[in-house]
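Working notes for the structure below.
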Amino acid sequence: MHPVAFIPSPSQGVWHLGPIPLRAYAIMIILGIVVAVWVGERRWAAKGGAPGTIIDVAVWAVPFGLVGGRLYHVVTDAQRYFGSGGDPVRALEIWKGGLGIWGAIALGAVGAWVGCRRRGISILALADACAPGIVLAQAVGRWGNYWNQELYGKPLHTFWALKIDPSHRPTLGDGPALNPKYENIGTYHPTFLYESLWCIGVAILIVWADRRYKLTHGRAFALYVAAYTVGRGWIEALRIDDAHHFLGLRLNDYTSVVVFLCAVAYLYFARNKTGPEAVVGHAPGGAAPSGDSEATAVDAAADDAPAKDEPAKDAAKDEDPEAERPVEAADEADEADEAETAAQPASEETAPEKAEGEEPEDAEPEAAKDDAGEPEAAEADEPADAAQDAQPAEDAPGAAAETSDTESAPETAEEPAERPEEAAAEPEPEPAPEAAPEPGPGAPAAAVNSENGPDGAADAPERVGKGEPVKDGK
Numbered sequence: 084m085h086p087v088a089f090i091p092s093p094s095q096g097v098w099h100l101g102p103i104p105l106r107a108y109a110i111m112i113i114l115g116i117v118v119a120v121w122v123g124e125r126r127w128a129a130k131g132g133a134p135g136t137i138i139d140v141a142v143w144a145v146p147f148g149l150v151g152g153r154l155y156h157v158v159t160d161a162q163r164y165f166g167s168g169g170d171p172v173r174a175l176e177i178w179k180g181g182l183g184i185w186g187a188i189a190l191g192a193v194g195a196w197v198g199c200r201r202r203g204i205s206i207l208a209l210a211d212a213c214a215p216g217i218v219l220a221q222a223v224g225r226w227g228n229y230w231n232q233e234l235y236g237k238p239l240h241t242f243w244a245l246k247i248d249p250s251h252r253p254t255l256g257d258g259p260a261l262n263p264k265y266e267n268i269g270t271y272h273p274t275f276l277y278e279s280l281w282c283i284g285v286a287i288l289i290v291w292a293d294r295r296y297k298l299t300h301g302r303a304f305a306l307y308v309a310a311y312t313v314g315r316g317w318i319e320a321l322r323i324d325d326a327h328h329f330l331g332l333r334l335n336d337y338t339s340v341v342v343f344l345c346a347v348a349y350l351y352f353a354r355n356k357t358g359p360e361a362v363v364g365h366a367p368g369g370a371a372p373s374g375d376s377e378a379t380a381v382d383a384a385a386d387d388a389p390a391k392d393e394p395a396k397d398a399a400k401d402e403d404p405e406a407e408r409p410v411e412a413a414d415e416a417d418e419a420d421e422a423e424t425a426a427q428p429a430s431e432e433t434a435p436e437k438a439e440g441e442e443p444e445d446a447e448p449e450a451a452k453d454d455a456g457e458p459e460a461a462e463a464d465e466p467a468d469a470a471q472d473a474q475p476a477e478d479a480p481g482a483a484a485e486t487s488d489t490e491s492a493p494e495t496a497e498e499p500a501e502r503p504e505e506a507a508a509e510p511e512p513e514p515a516p517e518a519a520p521e522p523g524p525g526a527p528a529a530a531v532n533s534e535n536g537p538d539g540a541a542d543a544p545e546r547v548g549k550g551e552p553v554k555d556g557k
């Protein structure tokens, strides 16, 4: 029974170029790989990856995927190859069909991981870039089932039904005899077309969602897996080819459910994953560059900033003592100025007292003769004492700091008056223009005061301590 309109099946799926067979099934697989690589390259370049990376990774992923797809088919239909009447050699006849998408994706991912590791790039970032291309490759590859007239669905009587030749209709077991249930039915559900259209829709969904939500860190690939398994579930329910059943469901239905749950779980747990991904990489076999991601470059720049500041900080620490020395020198200069200021009044007071007494220059030796008996020796001793005290006067700030509290007040008061600098700075007193009258009884005391200034009383104890004779009870 045939509907009025239907999709015809191809008359043949193999062409020969001499001894070389060209199989439509293999051509569809190759075209699908080309589409996947082309789409993946464009999306990878949009992520900032190097051109040619997808091709290099495909060199590893495609062979692994073909082996994985065939292994899944052979394991799930082992009775065809290893059962009674089976032929193990047929397990190698991949050109006759029989590639399980689950095994192809699983083992192909292992090959892609090897290629990504050699390039120093993120497998998750590459999977996101390749997800639309992979599902489009499936859409193209499903047309290989059309050329082989296999994996169709239940009988269907409508204009989009697929016509299947009697030689490709369901049989009883693995024998050549046709199943009487389908012997007179010529049109069936074109499940290959359903899956191809579904895969195109999934590719569009991934591209839209990636642009809308910026899917990274494997989430675009997880969306592909989840969306594909949903379609694969209802498509599997239409197929009538031989398969293992458990509790009324085909094995591929259980696989779809498990894979769907895993993909949804990953989407949930990776929903907040952000940050840069390693997409730059390096040449295969080359040394990985310092910092495979932007997050590494940013961290390296952040670590270098304090390192550059540390020498400046150390230099500032080293300069601190030097910077303090001028300050200390300025303090010492201020203290010296204060000491000179304190000593200045003493010198200035001496001159007026001399003027008040109006004594001639010769009166000073006479006063010294009355007090000490040896005026010339006294005058000679004064420069000597001043010379002895000159060195402490230059280091007045340091000496003042080292002086203990037990020093007597007279010795402390004597230091400013005996500075050699002040003695050298004071000009010689000019002789009085008029002769002064003969000094009276108070002249010796005035002479003493004019010599020592206001500090004469303070010098008396020191002179006594030195053994000098002091008269008039001083």
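In the working numbering, each residue's number is its place in the sequence shown (first place is 1) plus 83.
Ideal Cβ placement from N, Cα and C applies to all residues, glycine included.
Opening and closing residue of the alpha helix (DSSP H) in which Trp-185 lies: According to the DSSP assignment, Trp-185 belongs to the alpha helix (DSSP H) that extends over 184-202.
Since Leu-100 is in the beta strand (DSSP E), which residue starts that stretch and which ends it? Element bounds for Leu-100: 97-100.
Which value, in whole angstroms, describes the spacing of the CA atoms of Ile-323 and Val-347? Those two C-alpha atoms are separated by around 29 Å.
Classify Ser-339: buried if its beta carbon has 16 or more other beta carbons within 10 angstroms, exposed otherwise. It counts as buried.
Reducing DSSP to helix, strand and coil, say where Pro-93 ends up. In the three-state DSSP reduction, Pro-93 falls in the coil class, being neither helix nor strand.
Where do the ends of the beta strand (DSSP E) carrying Arg-295 lie? For Arg-295, there is no enclosing beta strand (DSSP E); the enclosing alpha helix (DSSP H) has its first and last residue at 274-296.
Quick check on Glu-360: buried or exposed, where buried means 16 or more other Cβ atoms within 10 Å of its Cβ? A residue is called buried once 16 or more other Cβ atoms fall within 10 Å of its Cβ, and Glu-360 is buried on that count.
Kindly give me the distance between the Cβ atoms of Leu-245 and Ile-90, rounded to whole angstroms, as I take these residues to be in contact under 8 Å. At roughly 5 Å, the Cβ-Cβ gap stays under 8 Å, so Leu-245 and Ile-90 are in contact.
Quick one, are the C-beta atoms of His-240 and Thr-270 less than 8 Å apart? Cβ atoms of His-240 and Thr-270: closer than 8 Å.
Rounded distance between the beta-carbons of Leu-330 and Phe-275, thought under 8 Å: Contact doesn't hold; Cβ gap of about 27 Å is too wide.
Suppose contacts are defined by Cβ-Cβ distances below 8 Å. Is Thr-299 in contact with Asp-211 by that definition? For Thr-299 and Asp-211, yes; Cβs fall inside 8 Å.
Rounded C-alpha distance that separates Glu-319 from Asp-336: So the alpha carbons of these two residues sit roughly 7 Å apart.
For the beta strand (DSSP E) that contains Arg-106, what are its first and last residues? For Arg-106, the enclosing beta strand (DSSP E) stretches over residues 103-106.
Measuring only the C-alpha atoms, how far is Asp-139 from Ala-208? Between Asp-139 and Ala-208, the alpha-carbon positions lie close to 15 Å from each other.
Need the endpoints of the alpha helix (DSSP H) that Gly-227 sits in, please. For Gly-227, the uninterrupted alpha helix (DSSP H) segment begins and ends at 226-231.
How is the alpha helix (DSSP H) around Leu-234 delimited, first residue to last? Leu-234 -> no alpha helix (DSSP H), and no H or E assigned at all.
Nearest-angstrom Cα separation, counted from His-272 out to His-156: So the alpha carbons of these two residues sit roughly 22 Å apart.
Taking the CB atoms as reference points, tell me whether Ala-144 and Gly-191 lie closer together than 8 Å. Taking a C-beta distance under 8 Å as the contact criterion, Ala-144 and Gly-191 qualify as a contact pair.
Let me know if Phe-304 comes out buried or exposed under the rule of 16 or more other beta-carbons within 10 Å of its beta-carbon. With 16 or more other CB atoms across the displayed protein chains lying within 10 angstroms of its CB, Phe-304 is buried.
Over the uninterrupted alpha helix (DSSP H) stretch that includes Val-145, give me the two end residues. Secondary structure note for Val-145: its alpha helix (DSSP H) is the uninterrupted segment 136-159.
Tell me the DSSP secondary structure of Arg-354 in three-state form. Residue state, collapsed to three classes: coil.
Compare the Cα-Cα distances from Val-362 to each of Arg-202, Gly-151 and Pro-259 and report the closest residue. Comparing alpha carbon positions, the residue from Arg-202, Gly-151 and Pro-259 closest to Val-362 is Arg-202.
For Ala-133 versus Val-120, is the C-beta distance shorter than 8 Å? No, they are not a contact pair.
Would you give the residue range spanned by the alpha helix (DSSP H) that Val-308 belongs to? Residues 302-319.
Contact under 8 Å by Cβ, Ile-268 with Pro-249: No; because the gap between Cβ atoms is not below 8 Å, this pair is not in contact.
From Ala-366, Ala-353 and Leu-306, pick the residue whose C-alpha is nearest to that of Phe-343; which is it? Taking only the C-alpha atoms, the option nearest Phe-343 is Leu-306.
What is the DSSP secondary structure of Leu-332, counted as helix, strand or coil? Of the three classes helix, strand and coil, the one that applies to Leu-332 here is strand, per DSSP.
Pick from Ile-188, Leu-100, Ile-113 and Phe-242: whose alpha carbon is nearest that of Ala-88? Comparing Cα-Cα distances from Ala-88 to each of Ile-188, Leu-100, Ile-113 and Phe-242, the minimum goes to Phe-242.
Quick check: what's the CA-CA separation for Trp-98 versus Gly-227? Approximately 14 Å between the Cα atoms of the pair.
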